[in-house]
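Asker: Structure incoming, see below.
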Amino acid sequence: MKSQITPEITDKLQQLKELNEQSKVLQDELQGWLDDCCDDYLGAWLRACLETGKPLTLQYLKESVADSEHRTSGNNIGLWHQLNEVKKLISVYELQTNNVFD
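For the sequence shown, full-length UniProt numbering gives the first residue as 1, with consecutive numbering after it.
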């Protein structure tokens with residue numbers, strides 16, 4: 001079964017292309033802030049772990065990010081982006097440690 005491209009799909013694909021281009025521009029403009037906020041989250045998480053005796057493990061970091069994400073439910077856009085940056089960093093780390101890039 002072949003999907004046919006209708007005018008409606010063509011319009012949506014064009015919108016998606018434009019949004020993707022806008023996203024790349026915004027990402028470039030915000031990259032410094034995104035990097036800093038990722039570092040800020042990790043620093044705060046590390047400090048909280050050390051102060052409370054929580055484990056310094058990747059699994060605990062992932063759980064912390066998931067808990068924070070669940071609590072915010074997208075209401076805090078700054079924290080949402082911060083958490084996404086941490087999740088990206090975790091993904092890169094996991095890929096590297098699983099030798100995906102080798």
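Cβ coordinates follow ideal geometry from the N, Cα and C atoms, glycine included. In this text the structure is predicted, and so the values were computed from the model without any measurement.
1. Buried or exposed for Q22, going by 16 or more other Cβ atoms inside 10 Å?
2. Taking the beta carbon of V92 as the centre, do at least 16 other beta carbons fall within 10 Å, making it buried, or is it exposed?
3. Mark V86 as exposed unless 16 or more other C-beta atoms lie within 10 angstroms of its C-beta, in which case mark it buried.
4. Just mark Y41 as buried or exposed, buried being the case when its beta carbon has 16 or more other beta carbons within 10 Å.
5. Determine the contact status of C49 and Q82, defining contact as a CB-CB distance below 8 Å.
6. Looking at S64 and W45, is the spacing between their C-beta atoms short of 8 Å?
7. Since K54 and I90 are thought to touch, with beta carbons under 8 Å apart, how far apart are those beta carbons, to the nearest angstrom?
8. State the start and end residues of the unbroken alpha helix (DSSP H) segment that holds Q82.
Answerer: Looking at the atomic coordinates:
1. Counted from its first residue, the sequence shown places residue 22 at position 22. When all chains shown are included, Q22 counts as exposed.
2. What you label residue 92 is simply residue 92 of the sequence shown in a count that begins at 1. Exposed is the call here.
3. Within the sequence shown, residue 86 is the residue found at index 86, counting from 1. With 16 or more Cβ atoms within 10 Å of its Cβ, V86 is classed as buried.
4. The sequence position of residue 41 within the sequence shown is 41, counting from 1. It counts as buried.
5. The sequence position of residue 49 within the sequence shown is 49, counting from 1. The sequence position of residue 82 within the sequence shown is 82, counting from 1. No, the Cβ-Cβ distance between C49 and Q82 is not below 8 Å.
6. Position 45 of the sequence shown holds residue 45. Position 64 of the sequence shown holds residue 64. In contact: W45 and S64 (Cβ atoms closer than 8 Å).
7. Residue 54 sits at position 54 when you count from the first residue of the sequence shown. Residue 90 sits at position 90 when you count from the first residue of the sequence shown. Not quite, the Cβ-Cβ distance comes to about 17 Å (not below 8 Å), so this is no contact.
8. Position 82 of the sequence shown, counted from the first residue, corresponds to residue 82. Note, Q82: alpha helix (DSSP H), 77–97.
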